[in-house]
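Counting from 1, one number per residue, gives the positions in the sequence shown under full-length UniProt numbering. Structure, as structure tokens:
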Amino acid sequence: MRFPFDKATPILDRLNENGFEAYVVGGAVRDYLLGRPIHDIDITTSAHPDEVVTLFQRTIPVGLQHGTVAVLLNGRSFEVTTFRSENGYDDFRHPNQVTFETSLDKDLMRRDFTINALAMDRTGKVIDLFGGQDDMKLKHLRTVGIAEERITEDPLRMMRGIRFVSELGFSLGEDEREAFSKKSVLLKKISVERIDQEMNKLLAGATVSDALRLLFNTGCSRALPLLDKTVAREELFSVRFDLLKSEGERWAAFLRTLGMTDISTFSSAWKWPVSRKKSVGLLLKYEGNYKLLNWDKFSVYSSGPELAHSVERLEAALGKTSVEGLERKERLIDRLWQDCPIRSRSELPVSGHNLIRWSGKEPGPWLSAAIEQLEKEVVTGKVPNEQEGIKRWFMAWQEKQKNQF
Ligand SMILES: Nc1ccn([C@@H]2O[C@H](COP(=O)(O)OP(=O)(O)OP(=O)(O)O)[C@@H](O)[C@H]2O)c(=O)n1
1 MRFPFDKATP
11 ILDRLNENGF
21 EAYVVGGAVR
31 DYLLGRPIHD
41 IDITTSAHPD
51 EVVTLFQRTI
61 PVGLQHGTVA
71 VLLNGRSFEV
81 TTFRSENGYD
91 DFRHPNQVTF
101 ETSLDKDLMR
111 RDFTINALAM
121 DRTGKVIDLF
131 GGQDDMKLKH
141 LRTVGIAEER
151 ITEDPLRMMR
161 GIRFVSELGF
171 SLGEDEREAF
181 SKKSVLLKKI
191 SVERIDQEMN
201 KLLAGATVSD
211 ALRLLFNTGC
221 SRALPLLDKT
231 VAREELFSVR
241 FDLLKSEGER
251 WAAFLRTLGM
261 TDISTFSSAW
271 KWPVSRKKSV
281 GLLLKYEGNY
291 KLLNWDKFSV
301 YSSGPELAHS
311 VERLEAALGK
321 TSVEGLERKE
331 RLIDRLWQDC
341 PIRSRSELPV
351 SGHNLIRWSG
361 KEPGPWLSAA
371 IEQLEKEVVT
381 GKVPNEQEGI
391 KRWFMAWQEK
401 QKNQF
């Protein structure tokens, strides 16, 4: 097999030329062999961190105590880690005690799943000590060694495992499943940020339903913030996550089916970024609200076409509309948006100043009411989007509002 990680070639060559072993390892090899896109390329080597630092021009000591140096090359960063074994993890996935090793075998032995314990040398040869490639063929997710030990070392591995089930469509081995059920409570030790990261990836996977079943049936869900008392109903497992395109849509579907719609409480317990809290909150506000979903030009204009599409995808994922229904709604939203005479308030040919001048009044609550109404009249085509027509409409509107403002 040709060595496929061209960008990392100079790093492996430099290490090899200086008498060190070096391999690409972990997720990059797994994803390459599965024909999936490759994100980060991690390298494992017999060189010690101080040796790595002297061999390369630009390095950052990202985790020297764990043997990791980031090597910067052609605008990219590669994590180069010395062969190591581990004795227990802290709650942030970093091992709290590591021992540098001289053989690749020991380094592969410390890894979580057989499909992640694969290394590739500079000639493209795959080193596979635990049957990772066979497991790939069988679509099995198995731990390296005894499942219970591996997850007790680092309970986050349970979430990682369930996430891999979702992303790769693999099935979890029986021993692993039993170990997850037995040790699920240990997930409470993991920081919520790491849990959230895994859950976010899980919800974006190819077989989300299988993964969610596993999460709930093994009891792992009960160790997660606010999900301790939640029992998943069949409804959750039949959500069409494949129809959803954004993180916000996926979380909204998850929470809606669990009946958890108090976004403030959930987002603070899960330490969500404000942007996600906002988008999920907005989606849940629209979802199921017939008046808002009965799209007309002004509602599409007010929500914006992206949100309108998101809401419709969510409806379809929750089984409230069919896929054909979704397609029809999407075409309708696009057509309504195309037909909107303006796309935002700034496209109106008049501003508040014009209205103040025409009215001869001081600014006050009447002004925002007038602009809001004007927007509606223009968007729905009742008033033409030009100054003269707007002025005529405004004078008449003012007359009608006399008693109100
Ligand atoms: N709790 C963990 C985390 C990581 N690893 C090992 O470290 C490698 C790199 O970990 P990471 O970059 O976090 O994940 P990837 O497996 O690369 O997967 P992804 O990039 O999809 O997160 C993994 O492949 C695995 O061999 C492990 O054994 N136990």
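Backbone N, C-alpha and C fix where the C-beta goes; we use that ideal spot for every residue, glycine too.
- In the structure shown, MET120 falls within a strand segment according to DSSP collapsed to helix, strand and coil.
- Annotated as distal: THR44 and ASP112, with beta-carbon spacing of 8 Å or more.
- Around the beta carbon of ASN18, fewer than 16 other beta carbons sit within 10 angstroms, so the residue counts as exposed.
- In the three-state reduction of the DSSP assignment, ARG84 falls in the strand class, which pools E and B.
- Rounded to whole angstroms, ASP262 and ASP175 show a C-alpha spacing of 37 Å.
- As DSSP reads the structure, LEU72 sits in a beta bridge with SER77.
- Contact between VAL144 and GLN133 is absent: CB atoms are separated by about 14 Å, not below the 8 Å threshold.
- By a beta-carbon distance limit of 8 Å, MET136 contacts LEU34. Their separation comes to about 6 Å.
- According to DSSP, ASP6 shares a beta bridge with no other residue.
- DSSP places SER46 in the coil class of the three-state scheme, outside both helix and strand.
- Judged by the Cβ position, ARG160 qualifies as a neighbour of ligand 1 at the 7 Å threshold, a heavy atom of the ligand being closer than this.
- The beta carbon of GLU193 lies closer than 7 Å to those of LYS271 in the same chain, with the five residues before and after it left out.
- DSSP places ILE151 within a helical segment (H, G or I) once states are collapsed to three.
- The beta-carbon separation of SER279 and GLY259, rounded to 20 Å, does not stay under the 8 Å limit for a contact.
- Ranked by Cα distance from ARG163, the options LYS245, ALA28, GLU198 and GLU148 are led by GLU198.
- Considering only MET120, GLU101, LEU202 and LEU12, the residue with the shortest C-alpha distance to TYR32 is MET120.
- One Cα belongs to GLU101, the other to PHE170, and the distance between them is close to 31 Å.
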